[in-house]
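Novice:
2 protein chains.
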Amino acid sequence: MKKLRKQTLDGNVETLLLSILESGPSYGYAIVKELNARAEGILKLGEGTIYPVLHRLEAKKLIASKWRLADNKRQRKYYRLTPKGRRAFANNLQQWQMLTMLIGKVVQTAENKVIPHLKGISL
Amino acid sequence: MKKLRKQTLDGNVETLLLSILESGPSYGYAIVKELNARAEGILKLGEGTIYPVLHRLEAKKLIASKWRLADNKRQRKYYRLTPKGRRAFANNLQQWQMLTMLIGKVVQTAENKVIPHLKGISL
DNA sequence: ACGCTATACCTGTCAGTGCGAGGTATAGTT
DNA sequence: AACTATACCTCGCACTGACAGGTATAGCGT
Numbered sequence: 041m042k043k044l045r046k047q048t049l050d051g052n053v054e055t056l057l058l059s060i061l062e063s064g065p066s067y068g069y070a071i072v073k074e075l076n077a078r079a080e081g082i083l084k085l086g087e088g089t090i091y092p093v094l095h096r097l098e099a100k101k102l103i104a105s106k107w108r109l110a111d112n113k114r115q116r117k118y119y120r121l122t123p124k125g126r127r128a129f130a131n132n133l134q135q136w137q138m139l140t141m142l143i144g145k146v147v148q149t150a151e152n153k154v155i156p157h158l159k160g161i162s163l
Numbered sequence: 041m042k043k044l045r046k047q048t049l050d051g052n053v054e055t056l057l058l059s060i061l062e063s064g065p066s067y068g069y070a071i072v073k074e075l076n077a078r079a080e081g082i083l084k085l086g087e088g089t090i091y092p093v094l095h096r097l098e099a100k101k102l103i104a105s106k107w108r109l110a111d112n113k114r115q116r117k118y119y120r121l122t123p124k125g126r127r128a129f130a131n132n133l134q135q136w137q138m139l140t141m142l143i144g145k146v147v148q149t150a151e152n153k154v155i156p157h158l159k160g161i162s163l
């Protein structure tokens, strides 16, 4: 199975991270693992990708962080959604719905000629 | 109704243009109009956005162009899909399907807590 | 003749975003 | 002692859409 290109993914990683944090507070390293597990076979993000995103989200006040010492005796930076982040997440879901609608419209309009291509698609 | 943000749209304009050209050859000015018509209320692109995209697609050999004098007595640059472009379009549709799958998985996994937000969504 | 609108093309610069390579440090295991 | 997993981080690259602006012509109304 092919992977999602950056091009397609672009602009969606923030929302993916927010959705992970919807399930409860977590920290960077665990978030990458969790996300890659959820997206098994579709997506595999590196740590270098998500840390900047986390910082960006925090700068926007969509998430907040707190250092905490784990049983590991490792320092973890736990992130949680802020109310603003919760609203942003809901809003992003709307954006996805709109994108889906748009894709639907466009593909539908070009349907006659697109069908043969769609037929061959197997994930 | 809100518009799609660049962030969400990112990486999809190329595919949208390709889908327009799937319906037959066309030229820049008409393509913008057509696309904005198909995406009425969701999206409104300016010409300054799509011309660079067309050039980019041509550079990648996904589309090819030919100047032609219209009845208007205006010079129009007609673009058509190349075989490579056709394959790319099919491929991009797969990408969209994958993204949709991914979104589904992620949202589903976080479902318990997400439902209240989804409930409030009306387009 | 004049100005306005629609048609039709174009460029340059900006900001945002994911990627990848690389770096640091520590705990636990072999 | 070496290695792996955990856990954090930064920097520079490439790509992409947005936006402002520029050019030119046909056709219409005044």
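Line by line, the protein sequences give chains A and B. For the record, in the first sequence the residue sitting at position 20 is 60 according to our numbering, with numbers rising by one throughout. For the record, in the second sequence the residue sitting at position 18 is 58 according to our numbering, with numbers rising by one throughout. Cβ coordinates follow ideal geometry from the N, Cα and C atoms, glycine included.
Between which two residues does the alpha helix (DSSP H) holding B:Lys113 run?
Specialist: Premise fails: B:Lys113 is in no alpha helix (DSSP H) and is neither H nor E.
Novice: Tell me, please, whether the CB atom of A:Lys73 is closer than 9 Å to any CB atom in chain B?
Specialist: Cβ-Cβ to chain B under 9 Å: no for A:Lys73.
Novice: Among A:Lys46, A:Arg114, A:Gln134 and A:Lys106, which one has its Cα closest to the Cα of A:Leu121?
Specialist: Checked all of A:Lys46, A:Arg114, A:Gln134 and A:Lys106; the closest Cα to A:Leu121 is A:Lys106.
Novice: Any beta carbon from chain B within less than 9 Å of A:Asn76's own beta carbon?
Specialist: Output row for A:Asn76: interface = no.
Novice: Per DSSP, what kind of secondary structure is A:Ile82 in: helix, strand or coil?
Specialist: DSSP places A:Ile82 in coil when its eight states are reduced to three.
Novice: How far does the alpha helix (DSSP H) with B:Leu57 in it extend, from its first residue to its last?
Specialist: B:Leu57 -> alpha helix (DSSP H) spans Val53 to Glu62.
Novice: If you count every other CB in all the chains shown that lies within 10 Å of the CB of A:Ala77, and 16 or more means buried, which is it?
Specialist: By the 10 Å Cβ count, A:Ala77 comes out exposed.
Novice: Could you tell me whether any Cβ in chain B is nearer than 9 Å to the Cβ of A:Thr89?
Specialist: Not one chain B Cβ lies under 9 Å of A:Thr89.
Novice: Helix, strand or coil: which one does DSSP assign to A:Arg120?
Specialist: Looking at A:Arg120 - three-state DSSP - the assignment turns out to be strand.
Novice: For the structure I just gave you, are there three or more beta carbon pairs, one from the stretch 135 to 145 of chain A and one from the stretch 47 to 56 of chain B, closer than 8 Å?
Specialist: Contact holds: three or more Cβ-Cβ distances are below 8 Å.
Novice: Alpha carbon to alpha carbon, what distance is there between B:Gly81 and A:Leu56?
Specialist: Roughly 26 Å separates the two Cα atoms.
Novice: Among B:Leu83, B:Arg45 and B:Val93, which residue has its Cα nearest to the Cα of B:Leu58?
Specialist: Nearest option by C-alpha distance: B:Val93.
Novice: Applying a beta-carbon distance threshold of less than 7 Å, which residues of chain A neighbour B:Ala79?
Specialist: The answer, in chain order, is Leu142 and Lys145.
Novice: Report the neighbours of B:Ile82 on chain A: residues whose CB is nearer than 7 Å to its CB, in chain order.
Specialist: Simply Met138, Met141 and Leu142.
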